[in-house]
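Going by my numbering, the letters in the sequence shown line up with residues -5 to 493, in that order.
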Amino acid sequence: MTASMTHADWQRLAGELTYETRAFIGQRFVEAASGQRFPVINPATGEQLAEVASCDNADVELAVRHAREAFERGGWSRLAPGKRRQAMLRLAELMETHKHELALLDTLDMGKPISSSLGDMAGAIGCIRYNAETIDKVYGEVAPTGEDSLGLVLREPLGVVGSIVPWNFPMMMTAWKIGPALAAGNSVILKPSEKSPLSALRLAQLAQEAGLPEGVFQVVPGFGHTAGKALALSMDVDCLSFTGSTGVGKQLMQYAGQSNLKRVYLECGGKSPNLVFADCKDLDAVARNAAEAIFHNQGEVCIAGSRLLVENRVRDEFVERVLVHAETMQPGDPLDPDSFMGAIVDEVQHKRILDYIRQGVEEGARLRTGGQAVSPIAGGYYVAPTVFDGVTPQMIIGREEIFGPVLSVFGFDSEEEAIALANDSEYGLAAGLWSQDIDRIMRVSRRLHSGQVFVNNWAGGDMTVPFGGVKQSGNGRDKSHHSLEEYSELKTVWMSLNP
Ligand code: NAD
């Protein structure tokens, strides 16, 4: 099958899929020790897809033991980086071969449109390849000593890494974590979200096929308060790399403090401002981008451009244009390659989004479009693209991460006001800036409290640049060679010599 697959092709492929539903511990697929399972629901239809092993303490302890043993054996941790490179490239190749299946698993699991899942697969595979290709080009240092000594600065893997990931980009977030962690030589235990465990389990099959040694990559599906918490409290996990909400990120830091002071890298939530100045080049193109920035992936994106800040001179016209584009982005069947938006991940998130919308109306924001649930498929969870104008920083919808297709529009008159509005947030993940004035672009970019600033684009970037936040959006950096640094430790070896 090719990238030009039709709606009917995807439906047929979905009907033929089988699911791996067991945990991957050691080198075996196993049920949870407790025998417990949890249901996996397709949010596009509300129907159950499968029941997956629900891991808890006992399973995580076993996985940690395998991971530690693998690390100490050295079959991966001490393998020449060039050999790790080969194994990871084989994994990337297998992911490429099975990309339609992996994409479909994510779409069925969490409701995103299939075209978007295919884009995620390209990103995930590219990430595994990038890290594989980078690891045998990383050098240590020789310290500037006198002749009577030799100081070596080596980079060594950390040991056992627990990766806890969310459901909004299941395979891509997984790749961003395991790519650098594995390349650096660590043993990795992946805890996928309980809302999207299926692609991670398929990935475990592929890792096995690619020849990753026993205990080097394991998957423990389960809930946050069981499997996730057990990983976070383990005395033998050296590092937690987490993507998810700020609230859970704070808990993980506490768990690290209560246990073994493991390193904790956090990629958390956001309420990202998108600043549109009146001098931007093509108002209509910018309006389309602004709509995509919030409605892509149903707004379930950490860097969703959820706060649109528009210079008041062009605000009315600009908002009208955003409304026109929003109209073309209505949710549809996630298996239809033409759907721009799919289903909301589950009933809980669906209700949460609708509650925020109700609050926005009550707070006095002007609802310009959307604001209600829609039903392209009966039984599924869908929300229409929603735009509120006249939002103020005091309003809850202007401050909190909604994680749904809800845009809050603010107006500003001056650059200073725009910067102050943009920075008035507990988050600092991403910001957008649309202008033709290079002096303004540099001035404003530098003053935005944000891990990344997108200038005349939204969500631009590739594997060559780091991704992460400041403030309560977290402290970690995914992607680029900087992410490799997070998964290794500096070691000094000082030798006395007889010159
Ligand atoms: P979440 O925090 O609810 O869950 C994330 C993961 O943490 C899941 O695997 C979950 O099972 C686990 N978890 C939950 N409670 C836990 C606990 N007590 N101990 C250990 N693990 C626990 O987040 P979510 O709803 O899955 O994802 C949405 C959030 O993720 C949003 O806030 C979004 O902004 C954020 N996100 C951030 C980025 C980024 O790069 N900054 C990217 C994607 C998503």
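We treat Cβ as the ideally placed atom computed from N, Cα and C, and that holds for glycine.
Query                                                                                            : Result
Of the listed residues Asn450, Asn451, Tyr421, nearest to His443 (C-alpha basis)                 : Tyr421
Spatially closest choice to His475 from Asp330, Leu43, Thr128, by CA coordinates                 : Thr128
Reduced DSSP category for Asp103 - H, G, I as helix; E, B as strand; rest coil                   : helix
Cutoff 8 Å; reference Lys465; Cβ partners in own chain excluding five residues on either side    : Ser419, Glu420, Tyr421, Gly422, His443
Identified DSSP bridge partners for Tyr421                                                       : Lys465
Val159: CB within 7 Å of a non-hydrogen atom of the ligand NAD                                   : yes
Nearest neighbour of Ala44, chosen from Gln80, Gly445, Pro33 [CA to CA]                          : Pro33
Pick from Ile297, Asn451, Gly156, Val400 that is closest to Ala468, judged by C-alpha positions  : The sequence given here places Gly at residue 468; Ala does not occur at that position. When each option's Cα is compared against that of Gly468, the closest is Ile297.
Supposed contact pair Lys185 and Leu225 - C-beta distance, whole angstroms, cut 8 Å              : 6 Å
CB contact flag (Phe404, Gly293, <8 Å)                                                           : no
Trp428 (DSSP reduced to helix, strand or coil)                                                   : strand
Residues bridged to Thr363 [DSSP beta-bridge criterion]                                          : Val381
Rounded distance between the beta-carbons of Trp161 and Ser187, thought under 8 Å                : 4 Å
beta-carbon Phe18 near the ligand NAD non-hydrogen atom, thresh 7 Å                              : no
Per-residue burial, Ala194 [other beta carbons within 10 Å of its own, 16 or more giving buried] : buried
Pick from Asp383, Leu88, Gly140 that is closest to Met489, judged by C-alpha positions           : Gly140
Nearest-angstrom beta carbon gap, Ala424 and Ser239 [assumed within contact, 8 Å]                : About 16 Å; that fails the 8 Å criterion.
Bounding residues of the alpha helix (DSSP H) (the contiguous stretch that carries Phe18)        : Unbroken run through Phe18 is the beta strand (DSSP E), 17 to 19; no alpha helix (DSSP H).
Under 8 Å between C-beta atoms of Ala359 and Ile338                                              : no
Rounded C-alpha distance that separates Val270 from Arg441                                       : 16 Å
First and last residue of the uninterrupted alpha helix (DSSP H) at Gln248                       : 240 to 252
CB of Phe217 within 8 Å of CB of Ser48, strictly                                                 : yes
Test item: CB-CB of Gly264 and Gly463 under 8 Å                                                  : yes
Chain D contact for Leu112 (CB, 8 Å cutoff)                                                      : Any reference to chain D falls outside this structure, which holds one protein chain only.
Cα-Cα separation between Lys473 and Ala378, rounded to whole angstroms                           : 32 Å
N- and C-terminal bounds of the alpha helix (DSSP H) containing Pro331                           : Run containing Pro331: none; DSSP gives neither H nor E here.
Best match in Gly241, Ala81, Ser28 for proximity to Val54 [C-alpha to C-alpha]                   : Ser28
Residue nearest to Ala57 in terms of C-alpha spacing, selected from Leu102, Ala74, Val154, Gln42 : Val154
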